[in-house]
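Numbering (the numbering used here), first residue to last: 62 to 630. Note that beta-carbon positions come from the ideal geometry of N, C-alpha and C, so glycine has one too. Heads up, the thing below is written out as structure tokens.
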């Protein structure tokens with residue numbers, strides 16, 4: 062006997078920007094707007110479903126989705142799983158958060174079980190609750206179809222729903238992103254979660270798989286742990302060492318073994334990364350100390366050669382850097398263009414740290430002359446004397462830099478919790494997707510996010526299980542620390558936020574592709590039709606983002622015969 066509130070199945074077609082909560086009917090997809098299908102890229106949509114409530118939960122039948130095969134289109138189906146979010150938002154949350162209470166939120170994408178038919182996947186319904194299936198469409202060859210058909214039926218054979226989804230196909234591959242884009246890669250979290258010794262074969266397998274996922278996200282720069290990045294670490298403590306370079310010392314002279322670095326470079330070349338990011342040369346939030354370096358004799362120990370006990374201006378540290386930095390640059394230059402290598406001084410200094418930052422900068426300025434230097438800052442005062450060559454500016458502090466005409470990157474993290482783009486689990490996906498248009502509109506020279514796979518508590522005081530803690534032990538809003546989950550077999554599992562951010566980067570690449578053919582003045586009216594797009598003002602109309610992608614594709618088709626003009630990065 063069915064519950065009166067849910068006597069039958071409910072099935073709804075949704076787009077990729079809808080978040081389907083267990084207790085709320087989802088917004089249906091507007092099928093008047095096609096799904097953009099671009100050569101080599103992915104597009105996504107969802108099917109939400111709610112089964113009836115039977116007399117006993119075990120009586121709920123399963124369901125399955127069948128996608129009609131389309132030549133040139135690879136289909137992947139995952140089930141969206143709920144994850145615990147104990148800290149969804151700040152107390153001062155703006156009105157656009159989907160929810161502000163702790164609970165279970167849709168985020169994790171777990172591959173659906175294969176049915177006996179190649180194009181059918183099994184779903185796991187929950188009685189009386191909404192769940193959704195995430196459907197990814199990747200163009201791996203010429204796609205001639207103008208639509209795709211999806212069928213949903215209960216396992217007993219009952220037909221539940223059919224959908225025909227229109228497609229807007231663009232058969233050319235997009236140019237690579239002309240600006241750097243990095244999500245910080247944390248090798249220690251992989252070693253902790255999978256129980257591997259750092260740089261063991263198992264650890265390298267995890268790194269390989271997760272580097273591939275970072276590239277799929279659209280990242281073209283990777284944080285390379287030549288030494289353990291001095292990031293998100295409590296003062297006086299140390300993270301698990303993940304130092305690629307082996308260092309020995311004899312009578313004050315240092316020798317460097319770069320073999321692990323070269324293995325790392327092999328992987329990032331395999332995954333077609335364009336840029337390398339070197340860890341910070343001084344500690345976070347003040348540039349007051351040297352990072353931890355381990356000699357080969359104590360690489361597994363707890364007493365680094367330098368670290369919190371070493372002032373940034375220590376002459377011994379300077380003497381070490383005089384040997385390390387030239388040797389590192391020589392080694393990289395054998396196989397990497399040094400113009401595609403980026404160095405850091407210290408992360409997120411504030412005006413009170415200016416004297417320390419200036420002193421740290423003075424320690425290495427001559428050793429990094431001519432190299433790219435970037436650092437995350439939020440106060441324009443820290444541009445004093447051009448110490449920060451290229452600032453990476455928080456999105457809610459960027460206006461002052463724009464007004465001053467300062468070339469900058471953009472970033473956001475836990476601090477950008479009101480009114481600006483971000484990817485917290487509790488935020489609507491429009492707030493994740495809009496960053497593509499914002500990066501283009503502002504002319505940002507790059508984008509940085511701190512957490513691709515940070516699986517530690519706040520300040521890295523302990524490792525954690527990201528399936529049970531999405532908030533770093535209560536230090537960050539849910540979803541800020543990572544975009545992928547560590548799956549079985551050392552394989553990354555994507556999230557809704559991963560997929561939507563990837564769509565934002567595809568949007569950005571579409572914009573740059575059209576600019577090459579028709580100029581920036583052709584792009585801006587398409588992405589900012591009301592003239593109000595800013596970092597702190599943008600539309601929450603979910604249809605807008607797919608509509609803009611389709612219009613960009615159509616404009617590219619119209620200008621297909623126009624020669625492309627290179628875009629300076």
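Looking only at its chain, what residues have a beta carbon closer than 7 Å to the beta carbon of residue i, apart from the 5 residues adjacent to it on each side?
| i | result |
| --- | --- |
| residue 208 | 225, 226, 227, 228 |
| residue 200 | 98, 99, 100, 101, 102, 133, 134 |
| residue 419 | 448 |
| residue 68 | 113 |
| residue 374 | 420, 424 |
| residue 461 | 441 |
| residue 569 | 238, 497, 500, 501 |
| residue 399 | 390, 393, 432 |
| residue 383 | 428 |
| residue 184 | 110, 123, 124, 125, 126, 140, 173, 194 |
Taking the beta strand (DSSP E) that residue i falls in, what are its first and last residues?
| i | result |
| --- | --- |
| residue 441 | Careful: residue 441 lies outside any beta strand (DSSP E) and carries neither H nor E. |
| residue 603 | Not the beta strand (DSSP E): residue 603 falls in the alpha helix (DSSP H), residues 603-619. |
| residue 107 | 103-111 |
| residue 181 | 181-184 |
| residue 128 | 124-128 |
| residue 283 | 282-284 |
Tell me residue i's beta-bridge partners as DSSP assigns them.
| i | result |
| --- | --- |
| residue 140 | 171, 194 |
| residue 634 | Nothing about residue 634 can be read from this structure; the chain reaches only from 62 to 630. |
| residue 377 | In DSSP, residue 377 forms no bridge with anything. |
| residue 556 | 169 |
| residue 384 | BP columns for residue 384 are empty, so no partner. |
| residue 164 | 146 |
| residue 546 | 554 |
| residue 334 | The partner list for residue 334 (beta bridge, DSSP) is empty, contrary to what the question assumes. |
| residue 433 | 403 |
| residue 506 | The partner list for residue 506 (beta bridge, DSSP) is empty, contrary to what the question assumes. |
| residue 99 | 231 |
Looking at the secondary structure, which residues open and close the alpha helix (DSSP H) in which residue i lies?
| i | result |
| --- | --- |
| residue 472 | Counting along the chain, residue 472 falls outside any alpha helix (DSSP H), though it belongs to the beta strand (DSSP E) covering 470-472. |
| residue 641 | Nothing in the structure corresponds to residue 641, since the chain is present only between 62 and 630. |
State the DSSP-derived secondary structure class of residue i, mapped to helix, strand or coil.
| i | result |
| --- | --- |
| residue 389 | helix |
| residue 76 | strand |
| residue 314 | strand |
| residue 517 | strand |
| residue 329 | helix |
| residue 582 | helix |
| residue 418 | helix |
| residue 71 | strand |
| residue 94 | coil |
| residue 456 | helix |
| residue 158 | coil |
| residue 573 | helix |
| residue 493 | helix |
| residue 83 | coil |
| residue 132 | coil |
| residue 276 | helix |
Whose C-beta lies closer than 6 Å to the C-beta of residue i among residues of the same chain, with five residues either side of it excluded?
| i | result |
| --- | --- |
| residue 259 | 252, 303 |
| residue 72 | 110, 213, 221, 222 |
| residue 603 | 78, 491 |
| residue 190 | 83 |
| residue 151 | 478 |
| residue 439 | 455, 458 |
| residue 274 | 545, 553 |
| residue 535 | 148 |
| residue 107 | 75, 193, 195 |
| residue 236 | 574 |
Under a CB-based cut-off of 8 Å, is residue i close to chain B?
| i | result |
| --- | --- |
| residue 557 | As a matter of chain content, chain B is missing from the structure shown, which is built from one protein chain. |
Apart from the five residues on each side of it in sequence, which residues of its chain come closer than 8 Å, Cβ to Cβ, to residue i?
| i | result |
| --- | --- |
| residue 63 | The pLDDT assigned to residue 63 is 38, lower than 50, so where the model puts this residue is not dependable; a value taken from the coordinates is nonetheless given after this. Contacts found: 69, 113, 114, 115. |
Alpha helix (DSSP H) segments (min. 4 residues) lying fully within the stretch 193-271 = 248-255
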